[in-house]
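2 protein chains.
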Amino acid sequence: MNRHVRMARRPSGKLLAADLELAEAPIPEPGPGEALVRNTWLSIDPSIRIRLAETTPNGYLPPLRPGDELSGLALGTVIESRCPDFAVGDLVSHTLGYREYALVGARTQTIGGYGAASRIDAGDLPPQWFLGPLGSAGLTAYVGLFEILDLDADDTLWVSSAAGAVGVLAAQLAKIRGATVIGSAGSPAKVAFLCDELGIPAFDYHDGPLPESLAALAPGGIDAYFDNVGGDHLTAALDILRPSGRIALCGAVSGYDGAVPQGPPNLFTMVSKGLRMRGFRAGSFLHLEKSMRREVGRYLADGRLVYRETVFDGIESASTALPAMLSGLTTGKTLCRLAF
Amino acid sequence: MNRHVRMARRPSGKLLAADLELAEAPIPEPGPGEALVRNTWLSIDPSIRIRLAETTPNGYLPPLRPGDELSGLALGTVIESRCPDFAVGDLVSHTLGYREYALVGARTQTIGGYGAASRIDAGDLPPQWFLGPLGSAGLTAYVGLFEILDLDADDTLWVSSAAGAVGVLAAQLAKIRGATVIGSAGSPAKVAFLCDELGIPAFDYHDGPLPESLAALAPGGIDAYFDNVGGDHLTAALDILRPSGRIALCGAVSGYDGAVPQGPPNLFTMVSKGLRMRGFRAGSFLHLEKSMRREVGRYLADGRLVYRETVFDGIESASTALPAMLSGLTTGKTLCRLAF
Numbered sequence: 007m008n009r010h011v012r013m014a015r016r017p018s019g020k021l022l023a024a025d026l027e028l029a030e031a032p033i034p035e036p037g038p039g040e041a042l043v044r045n046t047w048l049s050i051d052p053s054i055r056i057r058l059a060e061t062t063p064n065g066y067l068p069p070l071r072p073g074d075e076l077s078g079l080a081l082g083t084v085i086e087s088r089c090p091d092f093a094v095g096d097l098v099s100h101t102l103g104y105r106e107y108a109l110v111g112a113r114t115q116t117i118g119g120y121g122a123a124s125r126i127d128a129g130d131l132p133p134q135w136f137l138g139p140l141g142s143a144g145l146t147a148y149v150g151l152f153e154i155l156d157l158d159a160d161d162t163l164w165v166s167s168a169a170g171a172v173g174v175l176a177a178q179l180a181k182i183r184g185a186t187v188i189g190s191a192g193s194p195a196k197v198a199f200l201c202d203e204l205g206i207p208a209f210d211y212h213d214g215p216l217p218e219s220l221a222a223l224a225p226g227g228i229d230a231y232f233d234n235v236g237g238d239h240l241t242a243a244l245d246i247l248r249p250s251g252r253i254a255l256c257g258a259v260s261g262y263d264g265a266v267p268q269g270p271p272n273l274f275t276m277v278s279k280g281l282r283m284r285g286f287r288a289g290s291f292l293h294l295e296k297s298m299r300r301e302v303g304r305y306l307a308d309g310r311l312v313y314r315e316t317v318f319d320g321i322e323s324a325s326t327a328l329p330a331m332l333s334g335l336t337t338g339k340t341l342c343r344l345a346f
Numbered sequence: 007m008n009r010h011v012r013m014a015r016r017p018s019g020k021l022l023a024a025d026l027e028l029a030e031a032p033i034p035e036p037g038p039g040e041a042l043v044r045n046t047w048l049s050i051d052p053s054i055r056i057r058l059a060e061t062t063p064n065g066y067l068p069p070l071r072p073g074d075e076l077s078g079l080a081l082g083t084v085i086e087s088r089c090p091d092f093a094v095g096d097l098v099s100h101t102l103g104y105r106e107y108a109l110v111g112a113r114t115q116t117i118g119g120y121g122a123a124s125r126i127d128a129g130d131l132p133p134q135w136f137l138g139p140l141g142s143a144g145l146t147a148y149v150g151l152f153e154i155l156d157l158d159a160d161d162t163l164w165v166s167s168a169a170g171a172v173g174v175l176a177a178q179l180a181k182i183r184g185a186t187v188i189g190s191a192g193s194p195a196k197v198a199f200l201c202d203e204l205g206i207p208a209f210d211y212h213d214g215p216l217p218e219s220l221a222a223l224a225p226g227g228i229d230a231y232f233d234n235v236g237g238d239h240l241t242a243a244l245d246i247l248r249p250s251g252r253i254a255l256c257g258a259v260s261g262y263d264g265a266v267p268q269g270p271p272n273l274f275t276m277v278s279k280g281l282r283m284r285g286f287r288a289g290s291f292l293h294l295e296k297s298m299r300r301e302v303g304r305y306l307a308d309g310r311l312v313y314r315e316t317v318f319d320g321i322e323s324a325s326t327a328l329p330a331m332l333s334g335l336t337t338g339k340t341l342c343r344l345a346f
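Residue numbers (my numbering), protein chains in the order written: chain A, 7 to 346; chain B, 7 to 346.
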């Protein structure tokens, strides 16, 4: 049977494991042009939370309904193929996670620009890196820094959620490229990880008013902000940004998990200081994946880039992993290992 | 005596004429490096309202206190000079409006990037055009469209406050350059002006929910938004913008006159649709003034660009003109004629 995770009920407030449920269905048969994949790794991303709400933002995928299977980026191995693009044994990256077996091919749905399944040549590398630093997390960090923020070695950059899957890569990549980087995170352990292991000055956003914490680490202000949080973090960034500063809107996790999204009341500072803000999704920049993999791969190989995973085991753990990640209980990339 | 307008008391809610007062002081004597200017035209701009509040946004000039003279862009004629840059009889543009006589020179304050006084060669043109279509209003429209929005002839553009000083220029310039333009304004007369005289489809934002009014005029969505209003207008723009759309934040008059500024609750659409937003002030783009004057001057001369003024007479009318303009009672550029 094909075990999969579906929505049990619409979450009210923060997502609970009981809002999701494990279900079973027969393992599907590949039709013409399709391949059957046994999933090995599932990427636990905050964005799926958006589709568990009653309505989704304009431009986003429609909300899921109770009973619908969740989707998410995943890796798997082709075990049966009626598709000329995939041979049995191929490692494939696709968007049909949250299930043990998936049919990939023409009908594969799109997530944030990530669409059709693609073959991965992992070589000697841990395959799950292609969901993390060499996959969507890496591309998101790379695009945010170098395409959206146009980061320069002279810049002082703030990365929020800096111990998260994307933030930890963004903070390190920016530092390697010579920028001055400060980070924020949501626990003392994460702050210690950032400060002690990565050498990135960081603060816990629970520790006091954001403007004060920021001013302590960046007394001269910042030039660029990599936003994974939104809400009060974005408001604080608008206040501390220097004239002509830039903001990359990557995500807004403060508004995902049951809270009402708040727009920054000080948006007018964009006029008074001539600021720029741009939202993006890595899936719109897949043409940069190759150069990202070259650069990030080099830093991983020579040890300059530290990559950390929080791994849950088995499809049955996915309904715990997602709320845990949303509550800030995981560090780095959150994954479920579905099979060996 | 030098009559001038000062703040009488801090406005509570909408600005009232009684929050301002006329006062007198001796006509100042120019010191070394200064020239005495008799002001002829005062530009009534919404932005001075920002400085009448208790606090000003980060990056902005400090708040005025009761008793302080207002400042604003103005034109005048040099009547006495101890400055080699200005001769008696010169027409000068500067930032010390709201008074009948001003000392210009090294001490002249900066407003939004506009700083030191500059000589104007108006030729046969009405001099007040150098506060309007050939001055800061023209430069604001020009920069917003062509530097910030990077407007293309294929684009569908929404201009809010499209019958205001800047909006009316932005809407027409965009149309002349080939873009599809829709406008919004705050009265039936303004909408009639836009539709009938300028040929720009427009709606009154009082007439119903903004999303419906916008969808009626731009059923396929918009590519670019020239924001003079903020608040609910910006929220509606975020919803109707097509993927990769752009927003130029020029002003946010909805938040100036006593209302609490509101950030758009749907800012996440910037991520889901890959939108860009950039705030600006014309004073940061003075290097483009010459090319703006060349282009706008040509359109004014050949009649393709219609320019409308609402003119109040005398310094004693300034304390009425400003609240009238903020309440939407004026069309096009609002001016006070201080002398002939």
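Every residue, glycine too, gets a C-beta built ideally from N, C-alpha and C. Remember, it's a predicted structure, so these values are computed and weren't measured experimentally.
Near residue 128 of chain A, what residues of its chain come up, given a Cβ to Cβ distance below 7 Å and the 5 sequence neighbours on each side ignored?
-> 97 and 136
Residue range of the unbroken beta strand (DSSP E) whose run includes residue 276 of chain B | Counting along the chain, residue 276 of chain B falls outside any beta strand (DSSP E), though it belongs to the alpha helix (DSSP H) covering 275-278.
Of all Cβ atoms in chain A, is any one closer than 9 Å to the Cβ of residue 78 of chain B?
-> no
Taking DSSP as the reference, what is the three-state secondary structure of residue 3 of chain A?
-> Since the displayed chain A opens at 7 and closes at 346, residue 3 of chain A lies outside it and no answer follows.
What residues are listed by DSSP as bridge partners for residue 84 of chain A?
-> A:43
Reduced DSSP secondary structure (H/G/I, E/B, other) of residue 201 of chain B | helix
Residues that residue 279 of chain A contacts on chain B, provided the C-beta gap is smaller than 8 Å | 64, 65 and 285
Listing by chain order, which chain B residues have their CB less than 9 Å from the CB of residue 275 of chain A?
-> 63, 64, 65, 66 and 285
Along chain B, in chain order, which residues have C-beta atoms closer than 7 Å to that of residue 245 of chain A?
-> 64
Using a threshold of 9 Å, state whether the C-beta atoms of residue 36 of chain B and residue 150 of chain B are closer than that.
-> no
Short Cβ contact (9 Å threshold) for residue 334 of chain A with residue 315 of chain A | no
So does the region 182-191 of chain B actually touch the region 159-170 of chain B, counting three or more Cβ pairs closer than 8 Å?
-> yes
Going along chain A in order, which residues have a C-beta closer than 9 Å to the C-beta of residue 272 of chain B?
-> 63, 64, 267 and 269
In whole angstroms, what is the alpha-carbon distance linking residue 144 of chain A and residue 212 of chain A?
-> 27 Å
Are residue 155 of chain B and residue 254 of chain B touching if we call contact CB-CB under 9 Å?
-> yes
Pick helix, strand or coil for residue 326 of chain A, following the three-state DSSP scheme.
-> helix
Can you find a C-beta in chain B that's less than 9 Å from the C-beta of residue 241 of chain A?
-> yes
Classification of residue 297 of chain A by the beta-carbon crowding that lies within 10 angstroms, buried from 16 upward | exposed
Closest to residue 70 of chain B by CA distance: which of B:44, B:21, B:13 and B:258 is it?
-> B:13
Please find out if some non-hydrogen atom of the ligand MG comes closer than 8 Å to the beta-carbon of residue 22 of chain B.
-> For the structure depicted, the ligand MG is absent and the ligand set is empty, with no information on it obtainable.
Looking at the C-beta of residue 258 of chain A, does it have a partner C-beta in chain B at a distance below 9 Å?
-> yes
Going along chain A in order, which residues have a C-beta closer than 7 Å to the C-beta of residue 255 of chain B?
-> 276 and 277
Closer than 8 Å by beta-carbon distance: list the chain B residues that pair up with residue 249 of chain A, in chain order.
-> 65
Three or more C-beta pairs closer than 8 Å, one from the region 273-286 of chain B and one from the region 276-285 of chain A: is that the case here?
-> yes
Fully enclosed by the region 138-172 of chain A, which alpha helix (DSSP H) runs are 4 residues long or longer?
-> 142-149
Through-space distance from residue 340 of chain B to residue 77 of chain A, alpha-carbon basis = 56 Å
Could you give the DSSP three-state label for residue 246 of chain B: helix, strand or coil?
-> helix
So who's on the other strand from residue 346 of chain A, going by DSSP bridges?
-> Residue 346 of chain A pairs with nothing; no bridge assigned.
Expressed to the nearest angstrom, what Euclidean distance is found between the alpha-carbon atoms of residue 64 of chain A and residue 290 of chain A?
-> 17 Å
Proximal residues to residue 82 of chain B (C-beta, below 6 Å), its chain only, five neighbours per side dropped = 43, 44, 45, 46 and 98
Any contact of the region 261-272 of chain B with the region 264-275 of chain A, i.e. 3+ C-beta pairs under 8 Å?
-> yes
With DSSP collapsed to three states, give me the class of residue 33 of chain B.
-> coil
For residue 3 of chain B, which of helix, strand or coil comes out of DSSP?
-> The shown model of chain B, from 7 to 346, leaves out residue 3 of chain B, and the question about it has no answer.
Pick helix, strand or coil for residue 187 of chain A, following the three-state DSSP scheme.
-> strand
When you check each C-beta in the region 34-58 of chain A against every C-beta of chain B, which residues fall closer than 7 Å?
-> none
Own chain residues within Cβ distance below 6 Å of residue 308 of chain A, not counting five before or after = none
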